[in-house]
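Chains as they are written, first to last, in the numbering used here: chain A, 34 to 149; chain B, 19 to 227.
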């Protein structure tokens with residue numbers, strides 16, 4: 034990549050986000066605009082996958098809400114992703130945890146890793 | 019000035035404040051230098067010739083060197099004329115920077131498209147392909163190219179296979195996302211013709227049309 038293009042991409046780099054890995058449970062504050070008003074909504078769930086690099090990096094989160102699985106994809110550098118906090122470190126032996134979609138109950142959770 | 023010469027550096031994306039991602043092409047636009055001023059009296063029409071990107075004097079041939087030496091300028095790799103109404107406002111040696119554009123402007127970008135080589139009718143003209151199976155033997159052929167005894171020839175302009183790309187292409191009405199005068203950078207929304215490091219012309223849209 035051209036050096037000057039790289040410089041432009043560095044402008045949007047996230048410095049506030051903590052290190053988080055696949056299998057971790059994280060909480061994301063999402064900025065939502067509805068009806069001209071802005072508010073922040075938290076979304077907490079397991080990180081199933083991270084893909085892309087640089088400005089194009091996104092991550093997939095999954096949570097089971099009222100018995101229904103909800104997945105959301107966020108661009109890591111989107112300004113709508115206001116804050117990321119790691120609530121639980123999870124152990125993952127895969128790079129993509131899509132198998133969790135078929136699981137329910139205890140087996141749908143990742144094992145804890147280290148101290149959270 | 020209504021245009022500038024630049025170089026395509028590549029594409030990336032930037033985020034708006036509301037979180038929408040904007041695909042942008044980064045152009046190194048200028049600094050250009052006025053290399054010649056053409057007036058009705060001297061040349062029969064009015065234009066300003068700009069030069070972009072310095073080159074080693076040795077790599078320029080003698081007549082090319084002379085064109086610049088006349089005004090004690092270093093040779094530039096790319097020369098382009100821009101039609102202006104008041105060429106006498108410009109002086110040879112004057113610098114033209116990206117500050118002729120500002121955020122929110124609409125521009126036209128002209129460049130040579132990437133050469134695709136000899137291509138068939140499907141890729142080159144968007145013909146539909148035939149069925150791959152069920153005994154079909156017409157997969158990517160052009161089909162009929164005309165009638166019979168009348169006209170007994172193929173009409174001019176018939177779309178057939180041939181060389182594709184490497185032609186001058188203009189993409190019109192692109193939004194200017196960012197102008198960085200210090201770094202001579204211009205961010206334009208969307209894709210522009212040609213490959214990375216290719217020369218491009220960025221112009222204000224022609225309002226006469």
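We put the beta carbon where it would ideally sit given N, CA and C, even for glycine.
Taking the C-alpha atoms as reference points, what is the distance between residue i and residue j?
i, j, result
"residue 34 of chain B", "residue 112 of chain A", "8 angstroms"
"residue 51 of chain B", "residue 32 of chain B", "30 angstroms"
"residue 106 of chain A", "residue 92 of chain A", "6 angstroms"
"residue 123 of chain B", "residue 49 of chain B", "19 angstroms"
"residue 111 of chain B", "residue 97 of chain B", "13 angstroms"
"residue 61 of chain B", "residue 77 of chain B", "28 angstroms"
"residue 45 of chain B", "residue 37 of chain A", "10 angstroms"
"residue 120 of chain A", "residue 196 of chain B", "38 angstroms"
"residue 22 of chain B", "residue 119 of chain B", "10 angstroms"
"residue 186 of chain B", "residue 41 of chain A", "28 angstroms"
For residue i, report the span of its beta strand (DSSP E) as first-last.
i, result
"residue 49 of chain A", "No beta strand (DSSP E) holds residue 49 of chain A; DSSP gives it neither H nor E."
"residue 191 of chain B", "186-198"
"residue 45 of chain B", "39-47"
"residue 99 of chain B", "94-100"
"residue 69 of chain B", "65-72"
"residue 56 of chain B", "50-56"
With 16 as the cutoff for other CB atoms within 10 Å, does residue i come out buried or exposed?
i, result
"residue 151 of chain B", "exposed"
"residue 113 of chain B", "exposed"
"residue 69 of chain A", "exposed"
"residue 149 of chain A", "Its pLDDT being 47, under 50, residue 149 of chain A is placed unreliably in this model, and the value from its coordinates should be taken loosely. Answer is exposed; the Cβ neighbour count stays below 16."
"residue 172 of chain B", "exposed"
"residue 163 of chain B", "exposed"
The alpha helix (DSSP H) that contains residue i, what's its start and end?
i, result
"residue 24 of chain B", "Unbroken run through residue 24 of chain B is the beta strand (DSSP E), 21-33; no alpha helix (DSSP H)."
"residue 37 of chain A", "36-43"
"residue 87 of chain B", "80-87"
Could you tell me whether the region 35-45 of chain B touches the region 107-125 of chain A, using the rule of 3 or more Cβ pairs below 8 angstroms?
Yes, they touch.
Inside the region 65-127 of chain A only - beta strand (DSSP E) runs reaching at least 3 residues:
If only uninterrupted beta strand (DSSP E) runs of at least 3 residues are considered, those enclosed by the region 65-127 of chain A are 70-84, 91-98, 101-108 and 114-121.
Ignoring anything shorter than 3 residues or poking outside the region 138-184 of chain B, list the beta strand (DSSP E) runs there in chain order.
For the region 138-184 of chain B, whole beta strand (DSSP E) runs of length 3 or above, ordered along the chain, are 180-182.
Between the region 202-212 of chain B and the region 40-47 of chain B, do three or more beta carbon pairs fall short of 8 angstroms?
Taking a contact to require three or more Cβ pairs closer than 8 angstroms, the region 202-212 of chain B and the region 40-47 of chain B qualify as touching.
Report yes or no: do three or more beta-carbon pairs, one from the region 128-145 of chain A and one from the region 173-180 of chain B, lie closer than 8 angstroms?
Too few Cβ pairs lie closer than 8 angstroms, so no.
Does the structure place the region 152-160 of chain B close enough to the region 80-93 of chain B that three or more beta carbon pairs sit under 8 angstroms?
They do not touch, by the three-pair rule.
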